[in-house]
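Below is one structure, written out as structure tokens; comments come after it.
In the numbering used here, the protein residues as written are 90 to 689.
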């Protein structure tokens with residue numbers, strides 16, 4: 090990797106002076122170190138006026154209407170009906186405007202969990218229409234060269250025989266219909282804003298967010314107070330880096346025996362390509378350029394779905410070191426490589442989106458039970474990074490949680506810790522799936538793509554997941570950036586509107602929208618940190634790692650200012666994860682806001 094010493098950060102074409110006195114720099118470093126020592130940002134406490142709220146009671150509340158949450162709901166109602174307990178009440182709260190609106194994934198789905206949950210899914214019209222027919226794996230040596238990896242050298246978990254290319258958003262929409270038919274109470278457009286506790290500290294339920302609150306905190310004429318939703322048990326299935334799950338992990342010290350969680354940012358574009366270039370059922374994956382240019386790790390995919398549509402995207406590990414690395418711009422220049430360009434050129438980009446994904450694996454799993462509730466799905470970190478798949482693991486975690494919770498309620502219990510969930514997990518194929526892939530992320534992070542890839546091949550293809558030791562990765566993603574004045578600065582492409590695009594036009598086709606004049610859902614613990622610490626030390630990386638142009642550093646006559654364009658936010662949570670000072674906390678905006686992904 091080429092290095093440029095003594096390079097100064099450039100903001101909007103201007104060089105920002107990072108020279109400081111020794112005393113000031115030392116103070117900034119000390120402040121940064123103090124901030125880094127506290128990985129969970131403290132949200133500002135805002136005094137609220139007394140609001141009269143309605144309460145609703147259920148047997149089980151599920152926060153999040155993705156694959157894990159809906160699988161939990163479906164399994165609970167199946168068990169209740171089998172037991173003749175048709176009055177068993179389950180509700181799902183989903184912050185998106187509809188179920189599937191915020192769902193984003195590659196996606197190739199392994200149908201194992203679906204076969205268990207709804208065995209007749211084909212007869213019921215599940216949108217799994219394109220079987221994977223061929224795997225192709227490439228290493229991109231440079232901007233123009235590539236090497237196709239022989240099938241025999243592809244790690245076993247990455248083969249996709251028996252799997253399906255899908256729009257996960259459409260799968261979620263279909264699961265929502267199945268849940269409705271089982272009389273699950275469905276609440277789309279309602280954001281879970283806070284957790285309610287009993288006097289003994291156990292989880293009692295959730296509070297949904299108020300509607301119609303102005304940016305200054307005052308009620309608008311359209312104000313509607315949130316609801317208190319109470320339950321015997323509450324399931325948190327918010328997806329990666331859920332803001333309530335994050336609080337629960339901190340409150341109950343659920344991660345005290347775990348490695349730090351690790352994340353990637355996944356960026357996806359949906360394309361309609363010309364018919365002669367479309368190869369329905371082909372699954373392509375790759376590593377290498379352009380991420381290798383900045384010393385970063387991750388990989389890309391290109392899946393040929395039905396109707397001449399192609400799912401294309403990049404996952405960049407958020408353990409990267411270079412503060413000038415922009416995952417969005419890496420995605421754009423990746424499209425200029427002949428392997429990708431030859432497929433997409435002449436086609437039309439239909440949609441764009443981004444989201445964080447949890448990829449630490451088994452070593453980073455928190456404890457996922459606590460008094461009154463459980464974590465399931467990507468919120469707990471069940472994604473299998475070796476398979477580049479998380480749908481079947483998320484679904485299975487929800488099904489196991491449902492079985493443990495239903496057993497507890499049938500015994501007359503409530504608000505206690507459902508330890509049977511952990512036991513069921515340890516006895517299931519889900520644990521075996523996680524165990525066999527436990528070294529994938531640590532190996533890639535600590536050894537790099539070449540040595541890490543060789544290690545993974547040995548572990549899975551030769552030893553069949555039975556490596557006699559476990560690798561650990563104890564450095565959190567936010568604590569891995571190098572100083573900007575020593576970092577290599579890549580040259581990114583100018584948009585041409587055909588193959589390469591900018592962030593704002595991309596956000597536009599994600600259908601992202603938030604109600605105007607509402608409190609920002611991106612909270613700064615200390616508003617001075619972006620300019621006083623992150624800018625001189627790291628060139629304020631938020632303006633680059635954000636895939637939606639939310640953060641800017643703007644210079645005017647008074648100096649540099651940190652600007653938050655919260656309206657652009659696609660709810661990826663990357664800022665909450667990667668901010669080197671852990672100064673940004675993502676919370677839910679008004680329900681129904683955010684992206685509305687079609688066919689993603």
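Just so it is clear, CB atoms sit at the ideal spot from N, CA and C, and this is done for glycine as well. Values in this document were obtained by computation on a predicted structure and should not be read as measured data.
Same chain only: Cβ atoms within 6 Å of residue i, ignoring 5 sequence neighbours per side
i           : result
residue 314 : 140, 142, 299
residue 183 : 154, 277
residue 264 : 159
residue 560 : 528, 531, 532
residue 119 : Here residue 119 scores only 39 on pLDDT, less than 50, and its place in the model should not be relied on; the value that follows carries that caveat. Once the five neighbours on either side are set aside, residue 119 has no close Cβ partner at all.
residue 480 : 156, 198
Best match in the options for proximity to residue i [C-alpha to C-alpha]
i           : options            : result
residue 505 : 514, 493, 515      : 493
residue 635 : 649, 169, 655, 626 : 655
residue 37  : 356, 496, 661      : Shown here, the chain extends from 90 to 689; a query on residue 37 therefore has no answer.
residue 361 : 396, 681, 409      : 396
residue 438 : 399, 431, 417      : 399
residue 578 : 152, 628, 689      : 628
residue 32  : 325, 271, 633, 486 : Coverage of the chain is limited to positions 90 through 689, which leaves residue 32 absent and any answer about it impossible.
residue 365 : 403, 432, 293, 412 : 432
residue 688 : 660, 195, 180      : 195
residue 568 : 646, 582, 665, 600 : 665
residue 630 : 411, 602, 489      : 411
residue 423 : 260, 241, 375, 186 : 375
Residue i, DSSP secondary structure in three states
i           : result
residue 524 : helix
residue 227 : strand
residue 570 : coil
residue 238 : strand
residue 555 : coil
residue 212 : coil
residue 510 : helix
residue 326 : coil
residue 447 : strand
residue 403 : strand
residue 134 : Confidence at residue 134 is low in this model, with a pLDDT of 45, below 50, so the placement of that residue should be treated as unreliable; the coordinate-derived value is given next. Three-state DSSP puts residue 134 in coil, outside helix and strand.
residue 689 : coil
residue 167 : helix
residue 681 : coil
residue 267 : helix
residue 594 : helix
residue 141 : coil
residue 471 : coil
residue 651 : strand
Pairwise C-alpha distance: residue j and residue i
i           : j           : result
residue 686 : residue 189 : 7 Å
residue 332 : residue 674 : 8 Å
residue 352 : residue 302 : 32 Å
residue 670 : residue 615 : 10 Å
residue 682 : residue 234 : 42 Å
residue 415 : residue 651 : 18 Å
residue 565 : residue 217 : 37 Å
residue 441 : residue 637 : 10 Å
residue 342 : residue 455 : 9 Å
residue 304 : residue 329 : 27 Å
residue 344 : residue 251 : 35 Å
residue 608 : residue 208 : 45 Å
Cβ neighbours of residue i in the same chain (closer than 8 Å, five flanking residues each side left out)
i           : result
residue 597 : none
residue 287 : 293, 461, 504
residue 261 : 154, 155, 156, 159, 188, 189, 192
Limits of the alpha helix (DSSP H) - the one that residue i falls within
i           : result
residue 178 : No alpha helix (DSSP H) contains residue 178, which DSSP labels as neither H nor E.
residue 357 : Premise fails: residue 357 lies in the beta strand (DSSP E), 352-361, not in any alpha helix (DSSP H).
residue 419 : 416-423
residue 494 : 480-499
residue 432 : 427-433
residue 201 : 201-206
residue 625 : 624-627
Residue interval of the beta strand (DSSP E) (run including residue i)
i           : result
residue 644 : 640-645
residue 665 : Note, residue 665: premise wrong, no beta strand (DSSP E); alpha helix (DSSP H) at 663-667.
residue 152 : 144-152
residue 273 : Residue 273 -> no beta strand (DSSP E), and no H or E assigned at all.
residue 278 : No beta strand (DSSP E) contains residue 278, which DSSP labels as neither H nor E.
residue 612 : 611-613
residue 339 : Unbroken run through residue 339 is the alpha helix (DSSP H), 332-340; no beta strand (DSSP E).
residue 293 : 292-297
residue 391 : 387-393
Cβ-based neighbour list, residue i, same chain, cut-off 7 Å, excluding 5 preceding and 5 following
i           : result
residue 435 : 363
residue 95  : Low local confidence applies: a pLDDT of 38 at residue 95 is under 50, so the model's placement there is unreliable, with the coordinate-based value given in what follows. Excluding residues within five positions, the ones whose Cβ falls inside 7 Å are 574.
residue 536 : 544
residue 219 : 253, 254, 369, 370, 394, 395
Within-7 Å CB hit, residue i to chain C
i           : result
residue 146 : The chain labelled as chain C is not found in the depicted structure, where only one protein chain is given.
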